[in-house]
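Engineer:
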Amino acid sequence: MLSEKLKNAINEQINAELWSAYLYLSMSMDAEAKGYKGVANWFFVQWQEEQDHARIFMNYLNSRDEKVELKPIKEVPVAWNSVLEMFQETLKHEKVVTSLINNLAAIAAEDRDFASSNMLIWFIDEQIEEEENARDMIFAAESVEGDKYGMYQLDKELAARTYTQASPLATSAE
Ligand code: FEO
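All residue numbers for the sequence shown refer to our numbering, where the first residue is 153 and numbers rise by one.
See the structure below:
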């Protein structure tokens, strides 16, 4: 059984992951509307990954016989000034998510809930990757600032990003 505090925090995290998914879907649609199909694809994959994150937490609560409580998803911005700004906002947001995950890990440690601590290790590692990816994209977008052909090339490159299901889901019984 999870502590009330940890169960509530995981339910909040499910909402945060779904909000992240919605944010990136909005970025994808904004990029699509502006003709950046590759950037749109990059954020569309991000949208899929965030849904995986929510699903992992939902599966975890279910497996611990705790109830998933879905809360309303707050609205997200619908437009950004540039592709660079989208990636800057991505990094800013992922840093917030990292602090939320760290907070979950702190509660699990406080509770001496070793199963939860173990589950959270995947997310701690994932956040390193999430922040690194965003930083790489900021560097790429800064490198082509004001260079239309460079942006065209970068957009083509980002069209190649493909979605891979998160490993905890691939090995889950569902
Ligand atoms: Fe679910 Fe982008 O962290």
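We treat Cβ as the ideally placed atom computed from N, Cα and C, and that holds for glycine.
#1: When you compare each of D217, M289 and E169 to E237 by their alpha carbons, which one comes out closest?
#2: In chain order, which beta strand (DSSP E) runs of at least 3 residues are fully inside the stretch 171-198?
#3: Kindly give me the distance between the Cβ atoms of V230 and R313, rounded to whole angstroms, as I take these residues to be in contact under 8 Å.
#4: Buried or exposed: which applies to T316, given that a residue is buried once 16 or more other Cβ atoms fall within 10 Å of its Cβ?
#5: Under the assumption that S155 contacts D307 (Cβ atoms under 8 Å), give the Cβ distance between them as a whole number of angstroms.
#6: Relative to ligand 1, is the shortest distance from any of its heavy atoms to the C-beta of V228 smaller than 8 Å?
#7: How is the alpha helix (DSSP H) around T250 delimited, first residue to last?
#8: If you follow the alpha helix (DSSP H) that I290 is in, where does it begin and where does it stop?
#9: Here's the rule: buried if 16 or more other CB atoms are within 10 angstroms of the residue's CB, otherwise exposed. What is A293?
#10: Quick test of the definition: if touching needs 3 or more C-beta pairs under 8 Å, does the stretch 244-254 touch the stretch 274-289?
#11: Out of Y212, N233 and G302, state which residue places its alpha-carbon closest to the alpha-carbon of L321.
#12: Can you tell me which of F209, W274 and S172 puts its alpha carbon nearest to the alpha carbon of L158?
#13: Does at least one heavy atom of ligand 1 sit under 8 Å from the Cβ of V296?
Structural biologist: This is what the structure holds:
#1: Out of D217, M289 and E169, M289 has the C-alpha closest to the C-alpha of E237.
#2: The qualifying runs do not exist here; there are none.
#3: Not a contact, Cβ separation roughly 22 Å.
#4: Around the Cβ of T316, a 10 Å sphere holds fewer than 16 other Cβ atoms; the residue is exposed.
#5: Your pair S155 and D307 does not check out as a contact, with CB atoms roughly 47 Å apart and the cut at 8 Å.
#6: Answer for V228: no, Cβ out of range of ligand 1.
#7: V235 to E262 is the span of the alpha helix (DSSP H), which, as asked, contains T250.
#8: Start and end: F266 to S295.
#9: Flag for A293 reads buried.
#10: Yes, the stretch 244-254 touches the stretch 274-289.
#11: For L321, the nearest C-alpha among the options comes from Y212.
#12: Taking the Cα of L158 as reference, the smallest distance to any Cα among F209, W274 and S172 is reached at F209.
#13: False, no ligand heavy atom lies under 8 Å from that Cβ.
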